[in-house]
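Comments concern the structure below.
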């Protein structure tokens with residue numbers, strides 16, 4: 001449990017080499033769609049979703065194949081299940097589909 005306004009820190013130890021594959025963080029609030037948050041690529045660079053830009057940091061420990069998400073200034077609405085996921089063609093397809101679904105739900 002994280003208090004409102006505090007920083008969430010979650011680490012994910014993966015079975016693959018983080019220097020060979022990117023790692024994404026996604027989340028799913030109760031009853032809502034999956035939301036892509038950001039990625040750390042195999043080369044170490046990042047991309048972040050605009051809605052968390054400035055509050056999110058994704059880092060890695062290459063010696064432990066561990067990826068860490070830090071999200072500052074948490075709000076009550078950010079209570080969710082958080083997932084890390086290996087970058088694959090399947091994942092990119094899935095997140096593209098999910099983003100489209102999210103756009104439709106927002107426009108309703």
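In the UniProt record's numbering, the protein residues as written are 1 to 108. For every residue, glycine included, the Cβ atom is placed at its ideal position computed from N, Cα and C. Here the structure is a predicted model, which means the values were calculated and not measured.
In the three-state DSSP reduction, residue 76 falls in the helix class (H, G or I). Remark: three or more beta-carbon pairs, one from each stretch, lie closer than 8 Å, so the segment 69-77 and the segment 2-21 are flagged as touching. Taking 8 Å as the cut-off, the Cβ atoms of residue 38 and residue 51 do not count as close.
Cα atoms of residue 61 and residue 13: separation of roughly 9 Å, rounded to the nearest angstrom.
Residue 21 and residue 87 have their C-alpha atoms some 6 Å from each other. Counting only unbroken stretches of 4 or more residues, no alpha helix (DSSP H) element lies wholly within the UniProt domain "Ig-like" (1-84). Of all alpha-carbon atoms in 27, 16, 42 and 68, the one lying nearest the alpha-carbon of residue 49 is that of 27. Judged by beta-carbon spacing, residue 81 lies beyond the 8 Å limit of residue 23, meaning their Cβ atoms are not closer than that value.
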